[in-house]
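Working notes, structure below.
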């Protein structure tokens, strides 16, 4: 009997639950904008990418986001926040996955890990800066009436850009260390559960 689909669902739910809990363990890194907080909820999503493949990793992020919406409410602010968080997770995960995954079956080198950190951080920073400037912040300002106390461009420069640089380096850096240490385990589970 092929139990793989059942285990895929269980692993997806398990990783999503861990990711959901980690969303609440956050900390500010920019004193001027204390509500921009970093968490490590992307770590289980990245593990999902490597065990279940890209679609599996995306499913972990979707389930995590739905859990968060159910527990915090579905008002416009929550929807924007969860959507932004999902976008950030994808911006970090895809570059890290394709760089660290390789195809040789050999544990990623330190240089590959550094390349993954730099690339994921760059993609995250550029994508979130553009999204905040043209979509996210205008919606917060015009629909919710949020006051950021400065121009959108200044907010992006002194808040969004440094925040996402720090987040990308921390999240992908920690994952790179974890991935190198649990490489054999990930490869074993990858063979069991990754069908897509």
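Residue numbers (the working numbering): 760 to 955.
Idealized CB from N, CA, C, for every residue including glycine.
Quick one: Cα of residue 913 to Cα of residue 899, how far? Residue 913 and residue 899 have their C-alpha atoms roughly 16 Å apart.
Taking 8 Å as the cut-off, does the segment 896–910 touch the segment 763–774 (at least 3 CB pairs, one atom from each stretch)? No: the two stretches stay apart, fewer than three of their Cβ pairs being nearer than 8 Å.
Anyone know if the C-beta pair for residue 874 and residue 858 falls short of 8 Å? Cβ atoms of residue 874 and residue 858: closer than 8 Å.
So who's on the other strand from residue 786, going by DSSP bridges? Within the DSSP secondary-structure output, residue 786 pairs in a beta bridge with 797.
Which residues in the same chain as residue 803 place their Cβ atom closer than 6 Å to its Cβ, once the five residues preceding and following it in sequence are excluded? Excluding its 5 nearest sequence neighbours in each direction, residue 803 has C-beta neighbours in its own chain below 6 Å: 774, 777, 778, listed in chain order.
Which runs of the alpha helix (DSSP H) at least 4 residues long sit entirely within the segment 888–919? Give them in chain order. Here the runs fully enclosed are 911–914.
Three-state secondary structure (DSSP) at residue 740? No statement about residue 740 is possible, as the shown extent of the chain runs from 760 to 955 and does not include it.
Measure the Cβ-Cβ separation of residue 797 and residue 925 and say whether it is below 8 Å. The answer is yes: Cβ separation under 8 Å.
Go through its chain and collect everything with a Cβ distance to residue 932's Cβ below 7 Å, but skip five positions before and after it. Correct list, in chain order: 876.
Grab me the residues of residue 789's own chain with a C-beta within less than 7 Å of its C-beta, minus the 5 sequence neighbours each way, in chain order. For residue 789, where only same-chain residues beyond five positions count, the Cβ hits under 7 Å are 795, 918, 921, 922.
Taking residue 810 as the reference, give the member of 872, 860, 787 with the closest Cα. Comparing Cα positions, the closest option is 860.
Going along the chain, which residues of its own chain have a beta-carbon closer than 7 Å to the beta-carbon of residue 822, five neighbours each way excluded? Excluding positions up to five away in sequence, the list reads 771, 772, 775.
Unbroken alpha helix (DSSP H) run spanning residue 849, endpoints: Annotation for residue 849: the continuous alpha helix (DSSP H) segment containing it runs 835–860.
Quick one: is residue 832 buried, meaning 16 or more other Cβ sit within 10 Å of its Cβ, or exposed? Answer is exposed; the Cβ neighbour count stays below 16.
For residue 929, I'd like the list of residues in its chain whose CB is within less than 7 Å of its CB, leaving aside the five on either flank, ordered along the chain. Within the same chain, and ignoring the five residues on either side of residue 929 in sequence, the residues whose Cβ sits closer than 7 Å to its Cβ are 797.
Check whether the Cβ atoms of residue 887 and residue 855 sit closer than 8 Å, and answer yes or no. Contact flag unset, no.
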